[in-house]
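>
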Amino acid sequence: MPTILGTLRRVLLTPRLAEVTFRVRGFPGADSAAAETLEAIPQSVICGFEWGIEAKTLWEVERRLALVEPQQRGFAYEGAAMAATVRDAMAGGRGTWSRKLLGGPGHPHIFLTYIGIGFAMARLPRVLWKKVIPDLAESPYHPTMTWLAVDGYGFDRAYFQTKRWVHEQRVPKPYPWEGSGEYFLRAFDQGVGRALWFINGARPEAVTEAVNKFAPHRHADLWSGVGLAATFAGGCDEPGLTRLRAASGAHWAELALGVVFAVKARTYAGFTPPHTELAAKALAGLAVSEAVDIADGTEADPWGTGLDPAYERWRERIRTRLVTATVSQAAAQPSADRVP
């Protein structure tokens with residue numbers, strides 16, 4: 000049963016479902032065949048946010064989320080995590096909603112719930128950011144994957160302030176996330192890359208054109224985000240994915256890196272849709288089990304040493320494994336069969 004305060008929070012903070020449609024947002028992908036399918040994703044986020052911001056108990060939120068179909072449930076958890084973060088911030092940073100959600104029913108969706116925290120960050124003053132990540136010492140992905148919150152922040156800004164962050168290609172002010180203000184900009188771009196997949200309606204040529212409009216030093220992280228979105232969210236057929244892989248060119252390893260993370264997130268949540276299997280094969284040449292093996296076999300020690308954050312060290316190991324495997328396969332292929 001919602002409370003009066005919860006209803007007020009929902010009315011004040013929740014966008015209407017129509018506000019995230021491509022036509023209302025003015026996205027060039029509004030006419031794409033995948034538009035309706037892709038629009039259902041931010042709409043699922045909104046539903047999760049509404050339930051999370053208005054509910055009186057976490058049990059009620061969990062029961063509502065359990066009714067969402069498996070393919071969309073992780074996105075609904077994104078919205079619930081966003082709501083939990085906002086509620087904790089409104090409690091002066093002393094709330095426990097996000098800790099209980101991410102450490103409890105939301106843990107299978109930990110990759111997406113961190114992204115949901117990033118959505119909340121886009122609506123909170125930066126002075127509150129240092130308290131948005133709950134302590135999840137029991138999770139094998141804490142604190143490594145907290146960078147997905149920055150990714151979520153980048154996605155949100157690109158989706159809702161497209162002119163500023165996509166058309167004008169603005170660069171945000173660095174923030175010392177995990178002590179690395181420099182890497183904050185890269186994680187932000189990974190989220191922008193994911194948004195480009197949605198904004199352009201999962202059309203390979205349009206997505207490629209959008210990436211290429213950015214400064215060259217930003218392309219690698221943008222392609223990583225594209226690969227993650229194409230694999231996790233779907234929206235493109237096999238011929239289109241094949242063209243996308245070819246278009247990534249020298250950044251194929253980044254595209255495939257996004258694929259591996261998307262597959263890992265899907266399998267960790269316990270549901271892998273057919274479009275994820277298709278994208279893994281078409282974009283990275285991997286079966287789902289192979290992508291999971293790569294992810295699990297390259298995890299970086301979150302407390303290890305290195306100039307880069309553990310998150311980037313993990314990403315680098317995945318890239319290296321992908322490139323090494325590709326070179327080995329090419330070397331084993333009979334010379335007559337090789338593509339010149």
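Okay, so the sequence shown: first residue is 0 according to numbering that gives the first Met the number 0, each after it adds one.
For glycine and all other residues, C-beta sits at the position ideal for the given N, C-alpha and C.
1. If we ignore side chains and look at the alpha-carbon of each, how far apart do T95 and E53 end up?
2. For K280, which residues from the same chain have a beta carbon less than 8 Å from its beta carbon, with the 5 sequence-adjacent residues on both sides left out?
3. Is it the case that the Cβ atoms of A278 and V258 are separated by a distance below 8 Å?
4. Could you name the residues of the same chain whose beta carbon sits closer than 7 Å to that of P301, not counting the 5 residues immediately before and after it, in chain order?
5. Using the beta-carbon count (16 or more within 10 Å), is G200 buried or exposed?
6. Which whole-angstrom value is the C-beta distance of Y76 and L66, which I expect to be below 8 Å?
7. Give the single residue among D188, A209, D134, G47 whose Cα lies nearest to the Cα of G102.
8. Between the beta-carbon of I114 and the beta-carbon of Y140, is there less than 8 Å?
9. How many Å lie between L123 and A88 at the Cα?
10. Would you be able to state if there are at least three C-beta pairs under 8 Å between the stretch 226-245 and the stretch 180-198?
11. Do you know how far the Cα of R193 is from the Cα of Q42?
12. Assuming A239 contacts P203 (C-beta within less than 8 Å), just tell me the rounded distance between them.
13. Grab the span of the alpha helix (DSSP H) containing E208 for me, first residue to last.
Looking at the atomic coordinates:
1. Taking the straight line joining both Cα atoms gives about 15 Å.
2. Hits under 8 Å: A286.
3. Taking C-beta atoms as the reference points, A278 and V258 count as a pair closer than 8 Å.
4. The beta carbon of P301 is closer than 7 Å to those of P142, T143, A309 in its chain, skipping five residues each way along the sequence.
5. By the neighbour-count rule (16 or more Cβ atoms within 10 Å), G200 is buried.
6. Not confirmed; about 13 Å, so no contact.
7. Residue D134 is the option with its Cα nearest to G102.
8. For I114 and Y140, no; Cβs fall outside 8 Å.
9. Straight across, the Cα-Cα distance linking L123 with A88 is about 8 Å.
10. Because the criterion of three Cβ pairs below 8 Å is met, the stretch 180-198 and the stretch 226-245 touch.
11. The alpha-carbon atoms of Q42 and R193 are separated by roughly 16 Å.
12. The sequence shown places Gly at residue 239, rather than the Ala named in the question. The pair is a contact, with the Cβ atoms about 5 Å apart (cut-off 8 Å).
13. Taken as a continuous stretch (DSSP letters only), the alpha helix (DSSP H) holding E208 covers 203-211.
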